[in-house]
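> Could you have a look at this structure, given as structure tokens, before my questions?
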Amino acid sequence: AQRVTQPEKLLSVFKGAPVELKCNYSYSGSPELFWYVQYSRQRLQLLLRHISRESIKGFTADLNKGETSFHLKKPFAQEEDSAMYYCALSGGSGNTPLVFGKGTRLSVIA
Amino acid sequence: DAGVTQSPTHLIKTRGQQVTLRCSPKSGHDTVSWYQQALGQGPQFIFQYYEEEERQRGNFPDRFSGHQFPNYSSELNVNALLLGDSALYLCASSLRGANEQFFGPGTRLTVL
Numbered sequence: 407a408q409r410v411t412q413p414e415k416l417l418s419v420f421k422g423a424p425v426e427l428k429c430n431y432s433y434s435g436s437p438e439l440f441w442y443v444q445y446s447r448q449r450l451q452l453l454l455r456h457i458s459r460e461s462i463k464g465f466t467a468d469l470n471k472g473e474t475s476f477h478l479k480k481p482f483a484q485e486e487d488s489a490m491y492y493c494a495l496s497g498g499s500g501n502t503p504l505v506f507g508k509g510t511r512l513s514v515i516a
Numbered sequence: 036d037a038g039v040t041q042s043p044t045h046l047i048k049t050r051g052q053q054v055t056l057r058c059s060p061k062s063g064h065d066t067v068s069w070y071q072q073a074l075g076q077g078p079q080f081i082f083q084y085y086e087e088e089e090r091q092r093g094n095f096p097d098r099f100s101g102h103q104f105p106n107y108s109s110e111l112n113v114n115a116l117l118l119g120d121s122a123l124y125l126c127a128s129s130l131r132g133a134n135e136q137f138f139g140p141g142t143r144l145t146v147l
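Quick look at the structure:
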């Protein structure tokens, strides 16, 4: 069964501290992994995807197939990073539905 | 480009009623997917439309149905509403063959 687990509902960090949002997945095959972000009163938007291997807004995420994880990291948190973050997977071939985790609310304290 | 648009923004219905939600995809996109997001949960896939046909479906009852029009816009219909149908309904559009989906702002449905 396809499943995405985000163990933390809420993560609070101080401004300038490192951030790691955890994501573990279960999938038999080669999934594509995503991080979506939802800022206050805004729509859900793609933050990054593992196949692009790029850094967006200072965030990076590495797919670890051995540990079936796709943790999101940022070395120095900013107040504007406060948002709801969702990890999601798709089946890898085109147009397969996204399976989301329950999300982690990141709160960056000044 | 306004991106994915959805209407209405909010909707209040009573149990047993029927509701229709609407979605216009991002310009150039031909595939529309619908998701239900209950409070405190991540979005859950309902179904996907391409070429005016339902192509994939999640674990939702037949009370949930949809339609896609020739201009790629889409509707989600829910019959015999239950209290548990109260949720944010998200529409996402994509290009056929691509996994990246663009989301609309959602329609907040409250069933009393």
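Protein chains in written order, with our numbering: chain A, 407 to 516; chain B, 36 to 147.
For glycine and all other residues, C-beta sits at the position ideal for the given N, C-alpha and C.
Exposed or buried, which one is A/K480 when buried takes at least 16 other CB atoms within 10 Å?
Counting from one through the first sequence, the residue named residue 480 of chain A turns up at place 74. Burial call: buried.
> Any beta-carbon of chain B closer than 9 Å to the one on A/G509?
Position 103 of the first sequence holds residue 509 of chain A. True, the Cβ-Cβ gap to chain B drops below 9 Å.
> If the criterion is Cβ atoms closer than 9 Å, does the pair B/L116 and B/Q53 meet it?
Along the second sequence, one-based indexing puts residue 116 of chain B at 81. Along the second sequence, one-based indexing puts residue 53 of chain B at 18. In contact: B/L116 and B/Q53 (Cβ atoms closer than 9 Å).
> If we ignore side chains and look at the alpha-carbon of each, how far apart do A/W441 and B/L46 end up?
Taking the first sequence and counting its residues from 1, one reaches residue 441 of chain A at position 35. Taking the second sequence and counting its residues from 1, one reaches residue 46 of chain B at position 11. Distance between the alpha carbons of A/W441 and B/L46 is about 29 Å.
> Closer than 7 Å by beta-carbon distance: list the chain A residues that pair up with B/E89, in chain order.
To locate residue 89 of chain B, count along the second sequence from 1; it is residue 54. For B/E89, no chain A residue has a C-beta closer than 7 Å to its own C-beta; the minimum C-beta separation is roughly 12 Å.
> Leaving out the 5 sequence neighbours to the left and right, which residues in its chain are closer than 7 Å to A/D468 when beta-carbon positions are compared?
By 1-based counting over the first sequence, the position of residue 468 of chain A is 62. Excluding sequence neighbours, A/D468 sits near nothing in its chain.
> Between A/E473 and A/T510, what straight-line distance do the alpha-carbon atoms span, to the nearest angstrom?
Against the first sequence, residue 473 of chain A aligns to sequence position 67. Against the first sequence, residue 510 of chain A aligns to sequence position 104. The alpha-carbon atoms of A/E473 and A/T510 are separated by roughly 20 Å.
> Is the beta carbon of B/L34 sitting closer than 9 Å to the one on B/H64?
No information on residue 34 of chain B is available, as it lies outside the stretch 36 to 147 that chain B covers here.
> Using 9 Å as the limit for Cβ to Cβ distance, is A/V443 near chain B?
As a working mapping, residue 443 of chain A is identified with position 37 in the first sequence. False, the Cβ-Cβ gap to chain B never drops below 9 Å.
> Verify the CB distance criterion: does A/L431 have a CB-CB separation below 9 Å to chain B?
Working through the first sequence from its first residue, we reach residue 431 of chain A at position 25. The sequence shown places Tyr at residue 431 of chain A, not Leu. No, no contact with chain B.
> Is there a C-beta anywhere in chain D that falls below 9 Å from the one on A/F506?
Among the protein chains in the structure shown, which are A and B, there is no chain D.
> Which runs of the beta strand (DSSP E) fall wholly inside the stretch 87–146 of chain B and span at least 3 residues, in chain order?
Correct list: 88–92, 99–103, 109–113, 122–129, 142–146.
> Flag this pair as yes or no: are the beta carbons of A/S432 and A/Q408 separated by less than 9 Å?
For this step, residue 432 of chain A is matched to residue 26 along the first sequence. For this step, residue 408 of chain A is matched to residue 2 along the first sequence. Yes, these two residues count as a Cβ contact at 9 Å.
> Please report the residue range of the beta strand (DSSP E) in which B/C58 lies.
Counting from one through the second sequence, the residue named residue 58 of chain B turns up at place 23. Unbroken beta strand (DSSP E) run through B/C58: 54–59.
> For A/E438, report the span of its beta strand (DSSP E) as first-last.
One-based indexing of the first sequence puts residue 438 of chain A at position 32. A/E438 -> beta strand (DSSP E) spans 438–444.
> Can you list the residues of chain A that B/L125 reaches, using a CB-CB cut of under 8 Å?
The residue given as residue 125 of chain B occupies position 90 in the second sequence. Ordered by position in chain A, the residues that pass the 8 Å Cβ test against B/L125 are L450.
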